[in-house]
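Sequential numbering of the sequence shown, starting at 0, is according to numbering that gives the first Met the number 0. Glycine included, C-beta positions come from ideal geometry on N, C-alpha and C. None of the values given here were measured: they were computed from a predicted structure. The structure appears below as structure tokens.
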Amino acid sequence: MPWRGALIATIGILLLGAFSSLAVPTAHADPTTTDNGDGTSTAVWNFTTPTDYALANTEISGATAALERYAAPWNSTTAADFAAPDNVTNVDLARWPGNVTLAATSGPSTLLSLQPAPAVGEDTWLDQQNVNMNHGSDTTLILDGFNPQSRPILRFDLSSIPAGAVIDGATLNLYQSAGVGATFTGYAVQVTSSWNEAQATWNNRMTGTPWGTAGGDINIHVIGQVSLDNTAGWRSWNVTQLVDLWYRGRLPNNGLMLAAISTGANADKTFFSSDYAVDSTRRPRLDLSYRILGATGVYVSKVGGPGTMAQWQSISWNASARSLVADEFNGGSLDPKWTWINPPAAQDVGATTPGHLHIVSTTGVDIGGATFTGNVLWERIVGDFNATMKFSTNPTAGGQKAGLMALLDTWNWYGVQKRYDSASGTVRWQIRATADAATTTRVDVANANPIPAWSRLVRTGNAFQAWTSDNGIAWVLRDTYSPTDEYPSAIRLACFAADGTSGVPLAVDVDYIRFSQGPDATTSVSTRTGNVTPVDATWTNWSAPYGNPAGSGLSGSSRYLEFRLSFAVTSPDHTPVVGDVNVSWTARRTVGTVETRDLVTSD
0 MPWRGALIAT
10 IGILLLGAFS
20 SLAVPTAHAD
30 PTTTDNGDGT
40 STAVWNFTTP
50 TDYALANTEI
60 SGATAALERY
70 AAPWNSTTAA
80 DFAAPDNVTN
90 VDLARWPGNV
100 TLAATSGPST
110 LLSLQPAPAV
120 GEDTWLDQQN
130 VNMNHGSDTT
140 LILDGFNPQS
150 RPILRFDLSS
160 IPAGAVIDGA
170 TLNLYQSAGV
180 GATFTGYAVQ
190 VTSSWNEAQA
200 TWNNRMTGTP
210 WGTAGGDINI
220 HVIGQVSLDN
230 TAGWRSWNVT
240 QLVDLWYRGR
250 LPNNGLMLAA
260 ISTGANADKT
270 FFSSDYAVDS
280 TRRPRLDLSY
290 RILGATGVYV
300 SKVGGPGTMA
310 QWQSISWNAS
320 ARSLVADEFN
330 GGSLDPKWTW
340 INPPAAQDVG
350 ATTPGHLHIV
360 STTGVDIGGA
370 TFTGNVLWER
380 IVGDFNATMK
390 FSTNPTAGGQ
400 KAGLMALLDT
410 WNWYGVQKRY
420 DSASGTVRWQ
430 IRATADAATT
440 TRVDVANANP
450 IPAWSRLVRT
460 GNAFQAWTSD
470 NGIAWVLRDT
480 YSPTDEYPSA
490 IRLACFAADG
500 TSGVPLAVDV
510 DYIRFSQGPD
520 ATTSVSTRTG
530 NVTPVDATWT
540 NWSAPYGNPA
550 GSGLSGSSRY
560 LEFRLSFAVT
570 SPDHTPVVGD
580 VNVSWTARRT
590 VGTVETRDLV
600 TSD
């Protein structure tokens with residue numbers, strides 16, 4: 000009997016192109032045949048029984064034959080994957096290859112010089128020999144080192160510093176025009192009461208308003224100090240601590256005073272004031288360096304996707320924050336971010352002890368009180384932090400020590416150290432604080448001389464904690480300390496070593512110094528899709544940020560997709576980092592076949 004094939008003849012192959020499908024009513028097992036009563040029969044394939052077909056890149060489901068749907072990923076994990084992005088702003092792809100991170104974590108360092116003219120400059124000097132005389136319009140300022148009887152006071156307007164900055168440095172510069180008598184130290188200290196330049200005298204800070212103490216109300220904490228001889232020229236005081244506290248509103252800006260301790264003999268030093276008219280460049284000047292805190296960056300990927308219509312499924316990413324001040328000491332040389340105060344007798348990175356900073360202390364040196372001759376390696380850090388040092392040292396001579404410190408200056412610091420005590424013959428953990436060159440041992444406990452040992456300093460605002468550990472797992476809080484005179488936002492974190500003047504050098508191996516900071520380093524991820532490349536106006540807008548880094552659902556269909564990484568950070572000492580981005584989609588094969596079994600008359 001002749002046959003009439005409803006789909007194909009005896010070859011029995013159905014060729015499907017991209018996204019083609021055949022939908023037929025649900026019916027019988029494939030094929031079903033019908034006798035047409037005219038000597039012919041009709042065979043019908045209903046795609047209801049997949050086992051009746053040989054499939055290549057195709058699928059049968061729900062009485063439909065279609066090109067097979069497959070799942071595929073687009074994974075960005077290597078430097079090559081992240082290379083050639085569509086667009087970047089403040090992004091670094093080279094610092095840690097295979098990762099995307101910020102290029103700059105703060106604004107650039109900006110220098111600002113404040114050198115006010117007579118109309119706006121605020122300076123005068125308090126004169127004990129003429130207790131009711133005002134010197135606000137004098138062209139010079141006098142500092143007397145005998146008694147002392149004359150004290151300059153100055154105030155600078157900081158309103159030109161933008162909001163949101165960190166003060167990295169501030170220097171008071173005065174031009175000394177003359178000097179007589181002995182050399183002495185001029186100290187810069189905080190003035191604690193407001194005053195009026197045109198009215199301030201030895202007795203009064205304003206007309207009718209006396210100082211709390213004649214000669215000016217001050218905090219005796221030394222901000223900066225300079226040795227003053229009789230040669231003419233510029234003299235500079237580091238006043239970073241005070242300017243930072245003024246700027247952040249931690250202290251009222253009532254200016255500062257230059258003071259001296261009596262030399263017992265006549266000794267005057269004279270400086271030009273803001274009213275000096277002969278050479279305006281020699282007026283008092285405050286030099287500052289600052290950075291605007293906070294940074295953002297954007298990475299827009301290259302165009303990805305199958306190039307055919309795809310159903311987008313999910314996106315996941317691996318985001319973290321990484322410290323810029325931490326150091327594992329894995330290189331062959333010391334990172335230039337570190338600076339030595341009093342370099343040691345010997346030091347190397349990785350040569351003596353692989354993966355360690357090896358230090359051999361100088362002999363005859365120590366750290367404590369007014370003595371700061373030990374070997375100190377520091378880097379700057381801003382704001383709150385948690386710093387951990389793993390180190391190995393075996394002190395055996397009296398006074399030998401090594402540890403970790405938060406360093407304001409050589410007269411003001413807080414640290415945790417491992418030290419040998421010859422009196423008891425024990426190695427001890429000591430927590431020490433120094434303020435204005437006066438050192439206090441706050442904690443002194445024996446330990447089992449752990450090698451390696453771990454020390455930790457934590458800063459929260461103006462409060463510091465000192466921790467120790469014998470194994471890096473179990474930690475003991477040893478001390479909490481809040482300096483009476485608040486530390487600035489930017490300080491130095493340092494490791495140190497000293498022989499304690501024992502004459503026996505101390506060897507120290509530092510494995511790492513690690514930092515963690517607040518959760519202010521953030522990353523958000525968005526996508527956009529389109530059907531042409533390069534990207535044009537037909538593409539969708541950027542999506543809202545996705546919420547789950549482990550896997551967020553995508554929607555929609557298109558040929559192509561881009562992802563965008565948006566970074567933000569406040570602290571300049573760490574950065575958000577993305578190590579991989581994974582996009583998944585499903586699409587249909589471009590060509591496939593459905594082959595029936597052979598049809599014979601017996602069917």
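Find out if the Cβ-Cβ distance for the pair residue i, residue j is shorter than 7 angstroms.
i: A386; j: W410; result: no
i: Y419; j: P449; result: no
i: F145; j: T269; result: no
i: T392; j: N374; result: no
i: I609; j: L553; result: Outside the shown range of the chain, which is 0 to 602, sits residue 609, and nothing can be said about it.
i: S319; j: P84; result: no
i: S454; j: T433; result: no
i: M205; j: N218; result: no
i: L66; j: R588; result: yes
i: Q607; j: S556; result: This structure cannot settle anything about residue 607, because the visible part of the chain is limited to 0 through 602.
i: G180; j: A266; result: yes
i: F384; j: R458; result: yes
i: T104; j: T574; result: yes
i: R284; j: Q114; result: yes
i: S193; j: N253; result: yes
i: L157; j: P151; result: no
i: D659; j: R427; result: Nothing about residue 659 can be reported from this structure: the residues present for the chain run from 0 to 602 only.
i: A169; j: T239; result: yes
i: Q128; j: Q148; result: yes
i: G215; j: W236; result: no
i: G382; j: F566; result: no
i: Y298; j: I160; result: no
i: W538; j: G303; result: no
With a cut-off of 8 angstroms on the beta carbons, I'd call residue i and residue j a contact; round off their distance for me.
i: D582; j: L598; result: It is Val, not Asp, that sits at residue 582 in the sequence shown. Actually they do not touch by this definition, with Cβ atoms about 45 angstroms apart.
i: P487; j: I166; result: 7 angstroms
i: Q399; j: D508; result: At roughly 14 angstroms, the Cβ-Cβ gap does not stay under 8 angstroms, so Q399 and D508 are not in contact.
i: R68; j: A164; result: The Cβ separation is near 56 angstroms, so there is no contact.
i: T425; j: A445; result: 5 angstroms
i: L492; j: W377; result: 7 angstroms
i: P305; j: A586; result: 5 angstroms
As a quick exercise: from the options, pick the residue whose alpha carbon is nearest that of residue i.
i: G293; options: A506, S108, Y52 and V580; result: S108
i: V277; options: T138, E67 and T39; result: T138
i: G330; options: G354, L257 and N202; result: G354
i: S273; options: D478, F155 and F384; result: F155
i: T528; options: P548, D443 and W584; result: W584
i: G97; options: G382, G591 and V580; result: V580
i: A401; options: P451, T57, D122 and F328; result: P451
i: T31; options: R249, G38 and A42; result: A42
i: V524; options: R431, A432 and L564; result: L564
i: V188; options: Q175, T182 and L171; result: L171
i: A62; options: D91, A82 and D29; result: D29
i: A79; options: W95, L101 and L376; result: W95
i: N591; options: E378, E58 and I152; result: Sequence check: residue 591 is Gly here, not Asn. Of the listed residues, the one whose Cα sits closest to G591 is E58.
i: L101; options: Q240, A259 and T88; result: T88
i: F562; options: R431, D37 and V577; result: V577
i: L173; options: T595, A70, A259 and F271; result: F271
i: P533; options: A55, A71, N86 and D37; result: N86
i: D478; options: P504, S501, C494 and V415; result: V415
i: G135; options: Q128, P147, A118 and D91; result: A118
i: A369; options: A405, W412 and M388; result: W412
i: A520; options: K417, V568, Q224 and G254; result: V568
i: G502; options: T537, A344 and W538; result: A344
i: W339; options: V297, G304, K389 and L406; result: L406
i: D326; options: D91, Q312 and G349; result: G349
At a Cβ threshold of 7 angstroms, is residue i touching chain C?
i: K400; result: This model lacks chain C altogether; it includes just one protein chain.
Inset, instruction - Flag this pair as touching only if the stretch 542 to 549 and the stretch 506 to 517 have three or more C-beta atom pairs under 8 angstroms; answer yes or no. - result: Too few Cβ pairs lie closer than 8 angstroms, so no.
Legend entry - contact_flag[the stretch 460 to 471, the stretch 357 to 367] where n(CB pairs < 8 angstroms) is 3 or more: Three or more Cβ pairs closer than 8 angstroms define a contact, and the stretch 460 to 471 falls short of that threshold against the stretch 357 to 367.
Inset, instruction - Check whether the stretch 228 to 235 touches the stretch 93 to 111, counting contact only when three or more Cβ pairs, one atom from each stretch, lie closer than 8 angstroms. - result: With the rule of 3 Cβ pairs closer than 8 angstroms, the stretch 228 to 235 does not count as touching the stretch 93 to 111.
Inset, instruction - Could you say if the stretch 189 to 206 and the stretch 122 to 130 meet the contact criterion of at least three C-beta pairs nearer than 8 angstroms? - result: The answer is yes - the stretch 122 to 130 touches the stretch 189 to 206, with three or more Cβ pairs under 8 angstroms.
Legend entry - Uninterrupted beta strand (DSSP E) stretches inside the stretch 321 to 366 (no shorter than 3 residues): The beta strand (DSSP E) runs lying completely inside the stretch 321 to 366 and spanning 3 residues or more are 338 to 340, 345 to 348 and 356 to 359, given in chain order.
Inset, instruction - Only counting runs of 3 or more residues, tell me where the beta strand (DSSP E) segments fall wholly within the stretch 54 to 134, in order along the chain. - result: If we require 3 residues or more, the beta strand (DSSP E) runs fully inside the stretch 54 to 134 come out as 57 to 60, 63 to 66, 68 to 75, 86 to 88, 99 to 101, 109 to 113 and 121 to 126.
Legend entry - Every unbroken alpha helix (DSSP H) within the stretch 278 to 319, with a cutoff of 4 residues, ordered by chain: Counting whole runs of 4 or more residues, the stretch 278 to 319 contains no alpha helix (DSSP H) stretch at all.
Legend entry - Secondary structure, beta strand (DSSP E): runs of 3+ residues fully inside the stretch 516 to 557: Counting only unbroken stretches of 3 or more residues, the beta strand (DSSP E) elements lying wholly within the stretch 516 to 557 are 521 to 529, in sequence order.
Legend entry - Secondary structure, alpha helix (DSSP H): runs of 4+ residues fully inside the stretch 183 to 246: Here the runs fully enclosed are 239 to 246.
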